[in-house]
Amino acid sequence: MKITLIPIKTKLITEKDDIGDIVEIFARKFLMQGDIIVIAESGLAISQGRAIPEARIHVGFIARFLWRYVAKVPYGVGLRSPESMQCAINEAGVLRILIAAIFSSLTKPFGIKGIFYRIAGKKTAMIDAAHTTPVEPFDKCVILGPDKSDGLTQRLKKRFGVEFAVMDINDIGGSWVIGNSGGIPVKRLEEI
């Protein structure tokens, strides 16, 4: 199977944009039978109003306590800020975050990593902390993961007649499909 990657430049996506309209304006002219359109999770999340300015995040006691225990890594911030930890609590619920933190602290001494996110859930793993993107005005926002990606990709497939995927693509631990229209070779797409 021949694969050609075609990055498509768009305008700056905001919460006022509809991703379907963005595809119509910027990508439709390139579409061919058999194509898979991949949408960046951060762009979709921003269009859904899920970029939260730091100043609007009311950080509670638990977030102020827990963020300090998130591992400091050279490749990003993740939940290692009070604001992004508070967003994780808002997304997953305080009880789930506390359980994840407890199990993570119990397994970390044995070299077992990733327990926190396995328990806290996919939505918490997709949170991008403020000051991790160079794109204004979103550089001062915590960007949550997109909502209802599967439903959106299925609607886009009906509208445009090609497959769609929403992906979190990064250079620190691989890429993963977080939503798709159904006819996608998920593992293959994540390997590309």
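Our numbering numbers the first residue of the sequence shown as 1455 and each following residue consecutively.
Beta carbons are placed, not taken as given, at the ideal position from N, Cα and C, and that holds for glycine.
Note that the structure is a prediction, hence the values are computed from the model and not measured.
Just how far apart, CA to CA, sit residue i and residue j?
i, j, result
"LYS1562", "GLY1514", "25 angstroms"
"ALA1525", "ILE1638", "34 angstroms"
"THR1586", "ARG1504", "15 angstroms"
"PHE1519", "LEU1598", "21 angstroms"
"ASP1582", "CYS1541", "10 angstroms"
"GLY1488", "VAL1640", "15 angstroms"
"ARG1609", "ARG1642", "23 angstroms"
"VAL1589", "ARG1572", "29 angstroms"
"GLY1474", "LEU1560", "45 angstroms"
"LEU1466", "ALA1584", "18 angstroms"
How far does the alpha helix (DSSP H) with residue i in it reach, from first residue to last?
i, result
"GLY1474", "1473-1480"
"MET1539", "1536-1546"
"GLY1633", "No alpha helix (DSSP H) contains GLY1633, which is instead part of the beta strand (DSSP E) from 1630-1634."
"ALA1574", "1569-1574"
"LYS1562", "Element bounds for LYS1562: n/a, residue is neither H nor E."
"ILE1516", "1515-1520"
"GLY1605", "1603-1614"
Counting along the chain, where does the beta strand (DSSP E) carrying residue i start and finish?
i, result
"ASP1582", "No beta strand (DSSP E) holds ASP1582; DSSP gives it neither H nor E."
"ILE1493", "1490-1494"
"VAL1620", "1617-1622"
"ALA1505", "1505-1507"
"VAL1596", "1595-1597"
Just to confirm my understanding: we take residue i, look at its own chain, exclude 5 residues before and 5 after, and list those with CB closer than 7 angstroms. What are they?
i, result
"ALA1546", "ALA1574, GLY1575, LYS1577 and THR1578"
"PRO1507", "LYS1594 and CYS1595"
"ILE1460", "PHE1484"
"GLY1628", "GLU1644"
"PHE1592", "ILE1500 and ALA1505"
"VAL1548", "ILE1516"
Would you mind sorting residue i into buried or exposed? The rule is 16 or more other CB atoms within 10 Å of its CB.
i, result
"GLY1497", "buried"
"GLN1502", "buried"
"GLY1532", "buried"
"ALA1555", "buried"
"ILE1551", "buried"
"SER1558", "buried"
"VAL1616", "buried"
Just checking my contact of residue i with residue j at CB under 8 angstroms: how many whole Å lie between their CB atoms?
i, j, result
"ILE1646", "ILE1493", "Wrong, their Cβ atoms sit about 15 angstroms apart, outside the cutoff."
"THR1607", "ASN1634", "5 angstroms"
"THR1655", "ILE1476", "Only positions 1455 to 1646 of the chain appear in the structure, and residue 1655 is not among them; the question remains open."
"PHE1570", "ILE1491", "Not confirmed; about 32 angstroms, so no contact."
"ARG1482", "PHE1614", "7 angstroms"
"PHE1480", "ILE1462", "5 angstroms"
"ARG1510", "TRP1521", "Actually they do not touch by this definition, with Cβ atoms about 18 angstroms apart."
Quick check: does the Cβ of residue i come within less than 6 angstroms of any heavy atom belonging to the ligand PLP?
i, result
"VAL1548", "Ligands are entirely absent from the displayed structure, and the ligand PLP is therefore not among its contents."
Leaving out five residues before and five after residue i in sequence, what residues of the same chain have Cβ atoms less than 8 angstroms from its Cβ?
i, result
"ILE1632", "GLU1495, LYS1576, MET1580, GLY1599, PRO1600, SER1603, VAL1620, MET1621 and ASP1622"
Who are the near neighbours of residue i in its chain, counting only those whose CB is closer than 6 angstroms to its CB and skipping five residues on each side?
i, result
"ALA1517", "PRO1536, MET1539, GLN1540 and ILE1543"
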